[in-house]
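Report on the following structure.
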DNA sequence: AATCAAACGGACGAATTCGTCCGTTTAGGT
DNA sequence: ACCTAAACGGACGAATTCGTCCGTTTGATT
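Residue numbers (the numbering used here), protein chains in the order written: chain A, 106 to 306; chain B, 106 to 306.
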């Protein structure tokens with residue numbers, strides 16, 4: 106008798122889906138993307154069956170993690186773009202936001218299959234659009250290098266969010282990298298100097 | 106009747122060991138560190154038995170790859186340090202060398218077990234020493250930021266050597282990152298400006 | 001050329017991991 | 001309170017992967 110509209114999903118289903126994603130982020134970052142599904146299920150406090158119902162295949166799950174990461178990047182990009190101060194400072198805030206959220210990021214580490222779904226690429230494109238706006242603003246104001254592209258910023262952030270073991274104080278090192286890059290972003294070029302062969306084509 | 110000195114290893118053994126390492130670098134970079142041993146053996150043109158004789162366990166093999174990578178980094182660091190020009194240019198050359206050799210680098214992607222053997226750490230320490238010398242030279246000459254550390258450079262290079270999928274023209278992007286960083290390395294700070302809160306502790 | 005220790009290859013049993021299937025539980029509507 | 005579609009859990013057979021073992025081949029030495 107009810108309309109053909111799907112009834113909304115049950116509460117526990119939503120909750121479990123969330124738990125699975127959280128567990129997956131944590132374990133994939135720590136152990137790599139081949140971490141056993143059973144382990145993810147265990148940490149999420151559900152059975153494997155539940156995991157496979159929400160994500161038909163491991164790749165679906167990984168794809169969802171990547172998708173979420175771009176969603177996060179998009180939110181950060183928008184926040185940085187709509188921020189009042191200078192565009193250069195906006196870029197800096199974007200970097201710092203990535204660093205703050207880094208434990209929630211999962212980006213593909215090697216060139217495996219899908220992972221990048223069409224929807225993910227859409228979000229990715231939107232990130233580009235927003236960053237483009239930010240860059241253009243800064244360029245007009247003479248704060249940013251004229252040749253800067255959204256890809257430069259995306260690459261930098263994806264590097265910042267990667268799990269890097271072995272290094273003791275990652276937080277400090279990452280902030281330093283941001284610092285170095287921000288200074289490099291300035292439109293002012295210190296000293297081309299004579300001893301600088303140009304080997305960038 | 107012969108001395109207790111070990112006779113030198115056979116020629117084919119050395120050759121195979123080399124082939125295995127080459128195959129492993131390629132496949133680990135492409136498919137991740139859990140790539141089946143059998144696959145590595147196949148690409149190397151040997152049987153699995155041979156792989157396991159040279160590297161008793163997968164971790165031994167991975168450890169050898171990482172060790173080699175640091176050896177490469179050490180060679181590049183030494184070349185950059187003993188180079189005639191300015192120290193800043195030396196740093197730049199070090200980065201470019203890493204980029205050139207990036208397909209031979211294998212560094213741990215997540216915080217798994219061993220991989221960092223004691224010997225590897227020794228090489229790592231030596232890299233630090235050489236870079237420290239380079240940095241000090243540049244600092245004395247006023248070419249480099251006073252607070253720069255070897256770790257900054259090591260981190261940057263390890264980021265540059267990582268396999269990053271999805272991005273089309275990695276080469277171009279990486280050169281750009283180097284460019285950005287080199288400019289950031291200069292001792293001259295363009296514009297602290299009023300709108301720049303200092304949130305690096 | 002004869003010898004043999006060293007090295008090789010790959011079949012194989014053990015151990016994981018995958019993804020499904022189905023009997024049981026439960027949220028939420030009546 | 002009752003009902004049922006939706007969701008759950010985890011045992012299980014199929015499929016991979018691991019690492020070993022041993023009969024065969026080969027490089028070096030005499």
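Glycine included, C-beta positions come from ideal geometry on N, C-alpha and C.
What separation, rounded to the nearest whole angstrom, lies between the Cα atoms of residue i and residue j?
i, j, result
"residue 194/A", "residue 169/B", "43 Å"
"residue 134/A", "residue 208/A", "8 Å"
"residue 254/B", "residue 188/B", "19 Å"
"residue 197/A", "residue 279/B", "20 Å"
"residue 145/B", "residue 125/B", "7 Å"
"residue 131/B", "residue 115/A", "46 Å"
"residue 285/B", "residue 202/A", "20 Å"
"residue 261/B", "residue 154/A", "42 Å"
"residue 181/B", "residue 264/B", "16 Å"
"residue 58/A", "residue 276/A", "Residue coverage of chain A in this structure runs from 106 to 306, which leaves residue 58/A outside it and unanswerable."
"residue 186/A", "residue 238/A", "7 Å"
"residue 246/A", "residue 200/B", "31 Å"
"residue 241/A", "residue 287/A", "16 Å"
"residue 163/B", "residue 251/A", "48 Å"
"residue 122/B", "residue 228/B", "21 Å"
I'd like to know whether the C-beta of residue i is nearer than 8 Å to at least one C-beta of chain B.
i, result
"residue 264/A", "yes"
"residue 288/A", "yes"
"residue 257/A", "yes"
"residue 139/A", "yes"
Quick one: is residue i near chain A, going by C-beta distance under 8 Å?
i, result
"residue 282/B", "yes"
"residue 333/B", "Outside the shown range of chain B, which is 106 to 306, sits residue 333/B, and nothing can be said about it."
"residue 206/B", "no"
"residue 224/B", "no"
"residue 179/B", "no"
"residue 170/B", "no"
"residue 128/B", "no"
"residue 239/B", "no"
"residue 260/B", "yes"
"residue 236/B", "no"
"residue 278/B", "yes"
Provide the residue span of the alpha helix (DSSP H) that contains residue i, from first to last.
i, result
"residue 260/A", "255 to 266"
"residue 144/A", "142 to 149"
"residue 222/A", "Segment: none, residue 222/A is in no alpha helix (DSSP H) and carries neither H nor E."
"residue 113/A", "Where residue 113/A is concerned, there is no enclosing alpha helix (DSSP H), given that its DSSP letter is neither H nor E."
Assuming the contact rule is C-beta atoms closer than 8 Å, residue i and residue j should be a hit. Round their C-beta distance to whole Å, please.
i, j, result
"residue 249/B", "residue 192/B", "6 Å"
"residue 136/B", "residue 177/B", "With a Cβ gap of about 21 Å, residue 136/B and residue 177/B do not count as contacting."
"residue 220/A", "residue 183/A", "About 24 Å; that fails the 8 Å criterion."
"residue 224/A", "residue 172/A", "6 Å"
"residue 174/A", "residue 151/A", "Rounded, the Cβ-Cβ distance is 22 Å, inconsistent with contact."
"residue 148/B", "residue 128/B", "4 Å"
Quick one: complete alpha helix (DSSP H) runs, 4+ long, within the stretch 160 to 216 of chain A?
DSSP runs (the alpha helix (DSSP H)) wholly in the stretch 160 to 216 of chain A: 163 to 186 and 192 to 205.
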